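Protein sequence lines, in the order shown, are assigned to chains A and B.
Here the first sequence is numbered in the numbering used here, starting from 188 and rising by one per residue.
Here the second sequence is numbered in the numbering used here, starting from 627 and rising by one per residue.
The beta-carbon is built from N, C-alpha and C at its ideal position, and this holds for glycine as well.
All figures in this text were calculated on a predicted structure; none of them were measured in a lab.
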Amino acid sequence: MHLNESELPEGYLNYVWKKMIFLIGSLLFLIFSIAFSVSVGAVNIPLPEVFKVLIGNAQSSTWHTIIWNIRLPQALTGVAAGIGLGVAGVAMQSILRNPLASPFTLGISNAGAFGAAFSVMILGTGTMRSRAMDAIVINNPYTTTIVAFIFCLLATAFILGIAHMKKASPEVMILAGVALSSLFTAGTMFLQFFADDVQLAAVVFWSFGDVARADWRELSIISIVVILAAIYFFINRWNYNAIDAGDDTALGLGVDVTRIRLIGMIVSSLVTAVIVAFLGVIGFVGLVCPHIVRILIGDDNRFLIPGSILMGGILLSLSDTAARLIVAPHVLPVAILTAFMGAPIFIFLLIKGGRR
Amino acid sequence: MMLEISNLKFSYKNKEIFNQIDFNLESNEILSILGPNGVGKTTLLKCINRILRPQGGSILVENQDIMNIKRIEIAKKLGYVPQRNETVRITVFDAILLGRKPHIKWDVSNKDISLVNSAMKKLNMEDLSLRYLDELSGGELQKVGIARAIVQEPKILLLDEPTSSLDLKNQQEILYLLSEIVDGHDVSVIMTMHDINSALRFSDKFIFLKGGMIDSVGGHDIITPKLIKEVYGVDVYIKEHDGYPFVIPVGRKNNGAY
């Protein structure tokens, strides 16, 4: 059938433009939520002052210290972690063709948490302190991350094995994830049982994921990994669209499905490992963000991947701000808040039915 | 010659599905792969574009052996339409646009978008353009799969049971559509079929598979009651109507015998 190059369909172009507007709007909202997050807390700093401090025109040295040493790294860590979890979640959902997939629901986060705890306690890559908020300092972030990554990969290999089995429904994969989570949580509890008081406080660290812990050095490691991963996933958006259409269709369209799947899972695991090693387990962000975006603009990965990236940043940034305000002057770990929000949505998705 | 297949072999976990598959296909031909359930029709179809990798043999598309070229290069020559299309929440237009995947470098170009637009016009699908896949009927979904393969601009379209889950009207529509696609264009079609009479009506060439081999290959002249009995184990009459042969099973007698 001979196809002519005819005029462009206006309806479709408008439709694409609407999605672009959604993404641009989300980006602006993300920038606003970062500014808001830096501005509020135990000391409220008005937004104009925040901008003055950021452009190096600070009126007060206290505000300068608060913003540059505490608020800004925390806000940016929240955004980076949210982006990482959001993009890992959307990639896993596409790669495994499972709407319930995410680093947390597949047990990969808990595997990473065990790996990090193992590294710090047994291999001595961290220093423990008995302060409640800042119980641990990771002296050797690379070893800790690598050990966390190895355990994430173990969990990933197991999940891929399950996915490879014929008739492994999305629910079966998630149940396997529950089993993995239990296994690695038990491992972490085992470490806790033999820990002294100080170590115990430290290991609990990983069960309450929190973005307040990271300093600039840790933030840069997280950011580099997250940005590279986000670029990788965005480059592969058409491959994921093809995989969404079914393995045979994807192969017929020239996509090397096995390779794309394997590399995608390894990259998602790395992102998860880095976030978990520094911040602890933050559940449900990776699951929920892609679904919010799916409802708003559909399943097309060209828009879904950047949408989930932005939504992850927004959601974690806002959650972290809320966690600081709800019981002020105390600060809740953000993972508690994401779990409260995420669990009901997870149950809703389960009831709605697994298969897309 | 559009396609030359020789000595094709495929085994699945040490179980031989077929060996010694040889056939040719000219441009503008529609070929149907026929045979009983489980004989390997779909497997053969998937081997032709290496969705499944054959263990031996050669597949020449316009004299180029595709056994050792990159998958993306195969995708520019052979389009594949599976039996069932997944229904993710993307629009019909985007689903068809996915067919440009082998030609996309960084992102879709205006040329890709206008080709999809042109294909949708030719298939009378413009009204569906912004509908989501999960809102479509089986026939509409099948048309999306075919449209996607067409914008891939392949030399050969491979279709797995294109009419299996469709009602009579949609079956007719899809089969006439395939005839139009090959008619006067530099394209051929290979499809697996259960419905032998539709295959006879719309195809130029037939392959009958039996026991891992090609039992017969040829045009309408090879269709005989003996062949059908040999392949399907069923006694039939063959009647001619409108210039095409029709296969009519001999009814069972009351005692269960034919």
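By the criterion of Cβ-Cβ separation under 9 Å, what are the contact partners of residue i in chain B?
{"i": "A/W403", "result": "Per Cβ cutoff of 9 Å: no residues; A/W403 is ~34 Å from chain B at best."}
{"i": "A/R481", "result": "R715"}
{"i": "A/Y329", "result": "What A/Y329 touches in chain B: nothing, since even the nearest Cβ is about 33 Å away."}
Pull up the distance between the alpha-carbon of residue i and that of residue j, whole angstroms please.
{"i": "B/S763", "j": "A/G228", "result": "54 Å"}
{"i": "A/S394", "j": "A/L283", "result": "26 Å"}
{"i": "B/R715", "j": "B/P708", "result": "18 Å"}
{"i": "A/T525", "j": "A/G265", "result": "12 Å"}
{"i": "B/G869", "j": "A/R489", "result": "50 Å"}
{"i": "A/I221", "j": "A/L263", "result": "7 Å"}
{"i": "A/S410", "j": "A/A267", "result": "6 Å"}
{"i": "B/L634", "j": "B/G683", "result": "4 Å"}
{"i": "B/E712", "j": "A/G433", "result": "6 Å"}
{"i": "A/A509", "j": "A/D383", "result": "33 Å"}
{"i": "A/L195", "j": "B/I722", "result": "15 Å"}
{"i": "A/G529", "j": "A/C476", "result": "10 Å"}
{"i": "B/L686", "j": "B/V770", "result": "28 Å"}
{"i": "B/E761", "j": "A/I482", "result": "15 Å"}
{"i": "A/S495", "j": "B/L759", "result": "21 Å"}
{"i": "B/D648", "j": "B/G859", "result": "24 Å"}
{"i": "A/T292", "j": "A/A363", "result": "9 Å"}
{"i": "B/K703", "j": "B/E779", "result": "7 Å"}
{"i": "A/N426", "j": "B/L756", "result": "22 Å"}
{"i": "A/M207", "j": "A/I422", "result": "17 Å"}
Report the neighbours of residue i on chain A: residues whose CB is nearer than 7 Å to its CB, in chain order.
{"i": "B/R757", "result": "Ordered by position in chain A, no residue passes the 7 Å Cβ test against B/R757, which lies about 11 Å from the chain."}
{"i": "B/D830", "result": "Within 7 Å Cβ-Cβ: nothing; B/D830 doesn't reach chain A, min ~17 Å."}
{"i": "B/N645", "result": "Here the premise fails: no neighbours, minimum Cβ distance about 23 Å."}
{"i": "B/F636", "result": "In chain order: nothing, as chain A lies at least about 15 Å away."}
{"i": "B/P728", "result": "L440 and G441"}
{"i": "B/N736", "result": "L195"}
{"i": "B/D720", "result": "D487"}
{"i": "B/E712", "result": "D431, A432 and G433"}
Compare the beta carbon distance of residue i and residue j with 8 Å and say whether it is the shorter of the two.
{"i": "B/M819", "j": "B/E787", "result": "yes"}
{"i": "A/A429", "j": "A/A416", "result": "no"}
{"i": "A/P290", "j": "A/A303", "result": "no"}
{"i": "A/N256", "j": "A/M360", "result": "no"}
{"i": "A/F336", "j": "A/L210", "result": "no"}
{"i": "A/L502", "j": "A/G311", "result": "no"}
{"i": "A/V390", "j": "A/Q379", "result": "yes"}
{"i": "B/I772", "j": "B/P728", "result": "no"}
{"i": "B/V815", "j": "B/F832", "result": "no"}
{"i": "B/P871", "j": "B/V862", "result": "no"}
{"i": "A/G471", "j": "A/F420", "result": "The amino acid at residue 471 of chain A is misidentified as Gly; the sequence shows Phe. Against a cut-off of 8 Å, the Cβ pair of A/F420 and A/F471 comes out as no contact."}
{"i": "B/E652", "j": "B/M627", "result": "yes"}
{"i": "A/F398", "j": "A/G271", "result": "Checking the sequence, you will find Val at residue 398 of chain A rather than Phe. No; because the gap between Cβ atoms is not below 8 Å, this pair is not in contact."}
Just to make sure I have the definition right: I need the residues of chain B whose C-beta is within less than 7 Å of the C-beta of residue i. Which are they?
{"i": "A/S235", "result": "The identity of residue 235 of chain A in the sequence shown is Pro, whereas the question assumes Ser. Residues of chain B passing the Cβ test: none, with the nearest at roughly 39 Å."}
{"i": "A/G439", "result": "N675, I677, A701, G705 and Y706"}
{"i": "A/N428", "result": "L724"}
{"i": "A/G198", "result": "S755 and L756"}
Let's see if you can read the secondary structure: which residues bound the alpha helix (DSSP H) around residue i?
{"i": "A/F371", "result": "P357 to F380"}
{"i": "A/G311", "result": "Premise fails: A/G311 is in no alpha helix (DSSP H) and is neither H nor E."}
{"i": "A/I534", "result": "V521 to K539"}
{"i": "A/F336", "result": "P328 to H351"}
{"i": "A/F216", "result": "E197 to S226"}
{"i": "A/I496", "result": "N488 to I513"}
{"i": "B/L756", "result": "B/L756 -> no alpha helix (DSSP H), and no H or E assigned at all."}
{"i": "A/M279", "result": "L259 to I282"}
{"i": "B/V718", "result": "V718 to L723"}
{"i": "B/M746", "result": "N736 to K748"}
{"i": "A/W250", "result": "S248 to T252"}
Looking at the secondary structure, which residues open and close the beta strand (DSSP E) in which residue i lies?
{"i": "B/N633", "result": "L629 to Y638"}
{"i": "B/V843", "result": "M839 to G844"}
{"i": "B/V873", "result": "Y870 to P875"}
{"i": "B/I864", "result": "V862 to H867"}
{"i": "B/I833", "result": "K831 to K836"}
So which residues of chain B does residue i contact, with C-beta pairs closer than 8 Å?
{"i": "A/L190", "result": "L741, S744, A745, K748, I776, V777 and E779"}
{"i": "A/R448", "result": "Simply none; closest approach about 14 Å."}
{"i": "A/E194", "result": "S740 and N743"}
Which chain A residues sit within Cβ distance under 9 Å of residue i?
{"i": "B/V862", "result": "The contacting residues do not exist; B/V862 stays about 33 Å from chain A at best."}
Residue i versus chain A: which residues are under 8 Å apart at the beta carbon?
{"i": "B/V876", "result": "None at all; the shortest Cβ gap to chain A is about 37 Å."}
{"i": "B/R697", "result": "L438, G441, V442 and D443"}
{"i": "B/F872", "result": "Going along chain A, no residue has its Cβ under 8 Å from B/F872, so there is no contact; the nearest lies around 29 Å."}
Handout entry: Whole runs of the beta strand (DSSP E) within the segment 759 to 822 of chain B, excluding any shorter than 3 residues
Key = 782 to 786 and 814 to 818
Problem - Ordered list of beta strand (DSSP E) runs contained in the segment 643 to 712 of chain B, each at least 3 residues - result: 656 to 660, 682 to 687 and 704 to 707
Problem - Every unbroken alpha helix (DSSP H) inside the segment 433 to 475 of chain A [4 residues or more] - result: 434 to 439 and 444 to 466
Practice task
Just list the beta strand (DSSP E) runs in the segment 386 to 432 of chain A, keeping only unbroken ones of 3 residues or longer that don't cross its boundaries, in chain order.
Solution key: none
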